[in-house]
Amino acid sequence: MNSTVPTEDAAPVSTVGPRRATASAGRLGQDIALVASFAALIAVCALMPAIMVAGVPTPITLQTFGVMLAGLVLGSRRGALAVLLYLAIGAAGAPVFASGASGLAPFVGPTSGYLIGFPLLAFGVGWGVRAILALGEQGAALKGFRIVVTVSLSLLISLVTVHALGITGMALRVPMALQDAFIADLIFLPGDIIKTTAAVLVASAVLRAFPVLRELR
Numbered sequence: 017m018n019s020t021v022p023t024e025d026a027a028p029v030s031t032v033g034p035r036r037a038t039a040s041a042g043r044l045g046q047d048i049a050l051v052a053s054f055a056a057l058i059a060v061c062a063l064m065p066a067i068m069v070a071g072v073p074t075p076i077t078l079q080t081f082g083v084m085l086a087g088l089v090l091g092s093r094r095g096a097l098a099v100l101l102y103l104a105i106g107a108a109g110a111p112v113f114a115s116g117a118s119g120l121a122p123f124v125g126p127t128s129g130y131l132i133g134f135p136l137l138a139f140g141v142g143w144g145v146r147a148i149l150a151l152g153e154q155g156a157a158l159k160g161f162r163i164v165v166t167v168s169l170s171l172l173i174s175l176v177t178v179h180a181l182g183i184t185g186m187a188l189r190v191p192m193a194l195q196d197a198f199i200a201d202l203i204f205l206p207g208d209i210i211k212t213t214a215a216v217l218v219a220s221a222v223l224r225a226f227p228v229l230r231e232l233r
């Protein structure tokens, strides 16, 4: 008489772990691509022809536009990482700073304060302003008000980060009187208003065209 040995049903193999790992790897790859892309964008902005003004030891460039755009599109953490990557590449020797400068010299020269302020600016607008742009579609009047508020707040953050540190850097590294450094920094304000407005408008269009980016923090 044949005896039948009872067998237990095989336990189902869970796919939750592999799926989570795959999703995490995908997000990491996306983050790396976005951070690297915006670091390259900032480098391109820095290498655009700079404008030198007599009596001002630092040139006028498009760097602020790239830095601002990184924070507004990528959010605080990824935006700041993009700027830090750009600074690290330049410090390592790549000629990605204004006028093709590279190495550690720009970090101890007249532009040092501005460079140090860049990641703070990206983090600040990504944390304090970006959520306004990431809102859904609204009426034209409310949308216009939102743009004005975003530009104003972005400029304020720029003043207390990039401009404040830039003035301090010029005063210490040129060296020059703090009052003279403040006056020299005023030359950047008209251009910064234009660059900030452009960055806000571009970021608003990008977030509208790619809603998935609104979820970034």
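Quick note on the numbering used here: the sequence shown kicks off at 17 and runs consecutively.
Backbone N, C-alpha and C define an ideal beta-carbon position, used for all residues, glycine too.
Taking only the alpha-carbon atoms, compute the straight-line gap between M17 and G42 and give it to the nearest angstrom. Because the pLDDT of M17 is 49, which lies under 50, any placement of that residue in the model is unreliable, and the number read from its coordinates should be weighed accordingly. If I take the Cα positions, the gap works out to 57 Å.
Rounded straight-line distance, which links the Cα of V72 to that of A114: 14 Å
Range covered by the alpha helix (DSSP H) that runs through R189: 180-189
Endpoints, alpha helix (DSSP H) assigned at S128: 128-144
How big is the Cα-Cα spacing for I199 and V228? 42 Å
S220 versus T213 - alpha carbon distance: 11 Å
CB contact flag (G182, D201, <7 Å): yes
State buried or exposed for G109, treating a residue as buried only when at least 16 other CB atoms are found within 10 Å of its CB. exposed
What is the C-beta distance between S118 and P126, in whole angstroms, given that I count them as a contact (C-beta under 8 Å)? That pair is no contact at about 16 Å.
C-alpha gap between P65 and F161, whole angstroms: 33 Å
Excluding sequence positions up to five away, which residues of its chain have a Cβ less than 7 Å from the Cβ of L120? A107
Are the Cβ atoms of G45 and G87 separated by less than 7 Å? no
Which listed residue (A70, V216, A98, L205) has its alpha carbon closest to that of L175: L205
In whole angstroms, what separates the C-alpha of T77 from that of L151? 30 Å
Burial state of Q195, where buried means 16 or more other Cβ atoms lie within 10 Å: exposed
Cβ-based burial, A55 [other Cβ within 10 Å; buried from 16]: buried
Residues that I199 bridges to, as DSSP identifies them: Note: I199 sits in no beta bridge, so no partner.
In its own chain, which residues sit with a C-beta less than 6 Å from the C-beta of L100, not counting the 5 before and 5 after it? P135
Cβ-Cβ separation, L137 to I105 (assumed contact under 8 Å), whole Å: Rounded, the Cβ-Cβ distance is 18 Å, inconsistent with contact.
For I210: DSSP bridge partner residues: I210 pairs with nothing; no bridge assigned.
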